[in-house]
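Take a look at the structure set out below.
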Amino acid sequence: MRFLSRRLVMPNDLNFAGSLFGGRILEWIDEEAYIFAACQLDAKSLVTKHIGAITFETSAYQGDVVEFGLFVKAVGRTSVTVTCVVRNKQTKQNICVADDIVFVHIDPESRAPQPHGKTKAQLDTLKIETPT
Numbered sequence: 001m002r003f004l005s006r007r008l009v010m011p012n013d014l015n016f017a018g019s020l021f022g023g024r025i026l027e028w029i030d031e032e033a034y035i036f037a038a039c040q041l042d043a044k045s046l047v048t049k050h051i052g053a054i055t056f057e058t059s060a061y062q063g064d065v066v067e068f069g070l071f072v073k074a075v076g077r078t079s080v081t082v083t084c085v086v087r088n089k090q091t092k093q094n095i096c097v098a099d100d101i102v103f104v105h106i107d108p109e110s111r112a113p114q115p116h117g118k119t120k121a122q123l124d125t126l127k128i129e130t131p132t
């Protein structure tokens with residue numbers, strides 16, 4: 001799994017107990033998973049259909065840097081399922097794992113599901129670009 005992006009935990013991201021608010025991390029996961037899926041499919045007309053099991057393992061606090069690791073778990077005719085692991089950059093401890101995040105490729109005009117034309121084998125061989 002490659003960890004592709006990072007965020008700094010800021011005061012606005014905290015709950016009443018001073019740790020990272022669960023709702024904020026779920027917002028970030030949905031956004032990061034969408035970006036990952038859209039890049040993998042080379043398509044921007046995706047909608048979140050389902051987010052399965054979410055497991056919170058440890059907390060993050062103000063000033064922590066969290067990073068997001070994603071991989072394609074399954075590919076359907078119109079959908080792609082990804083898993084996202086959020087971990088603390090410094091300690092490498094998992095903060096949260098979101099399994100079975102399903103995105104559906106849709107027609108931008110009719111909003112109906114539309115085949116994306118990719119297979120799991122194709123996505124598994126995609127190279128992730130790195131800055132030069």
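Note that the sequence shown covers residues 1 to 132 in UniProt numbering.
The beta carbon of each residue, even a glycine, is placed where N, CA and C say it ideally should be.
Since the structure is predicted, the reported quantities are computational estimates derived from the model, not experimental observations.
Tell me whether residue i sits in a helix, a strand or coil according to DSSP, three-state version.
i, result
"residue 36", "helix"
"residue 111", "coil"
"residue 30", "helix"
"residue 69", "strand"
"residue 44", "coil"
"residue 126", "coil"
"residue 121", "helix"
"residue 12", "helix"
Kindly indicate which residue of the options has the alpha-carbon position closest to the one of residue i.
i, options, result
"residue 112", "36, 45 and 63", "45"
"residue 10", "24, 31, 118 and 37", "24"
"residue 100", "3, 51 and 41", "51"
"residue 91", "31, 58 and 16", "58"
"residue 102", "78, 2, 22 and 12", "78"
Would you check if the distance between the CB atom of residue i and the CB atom of residue j is smaller than 8 Å?
i, j, result
"residue 96", "residue 55", "yes"
"residue 33", "residue 84", "yes"
"residue 87", "residue 69", "yes"
"residue 60", "residue 26", "no"
"residue 29", "residue 121", "no"
"residue 104", "residue 40", "no"
"residue 118", "residue 6", "no"
"residue 75", "residue 8", "no"
Could you check how far apart the C-beta atoms of residue i and residue j are, in whole angstroms? I think they sit under 8 Å.
i, j, result
"residue 82", "residue 66", "No, residue 82 and residue 66 are not in contact; Cβ-Cβ is about 17 Å, not under 8 Å."
"residue 106", "residue 93", "So it is not a contact: roughly 37 Å between Cβ atoms."
"residue 36", "residue 4", "7 Å"
"residue 17", "residue 116", "Residue 17 to residue 116, Cβ: 41 Å. No contact."
Does chain D have any CB closer than 8 Å to the CB of residue i?
i, result
"residue 40", "This model lacks chain D altogether; it includes just one protein chain."
Can you pull the DSSP bridge partners for residue i?
i, result
"residue 74", "81"
"residue 4", "DSSP lists no partner for residue 4."
"residue 50", "102"
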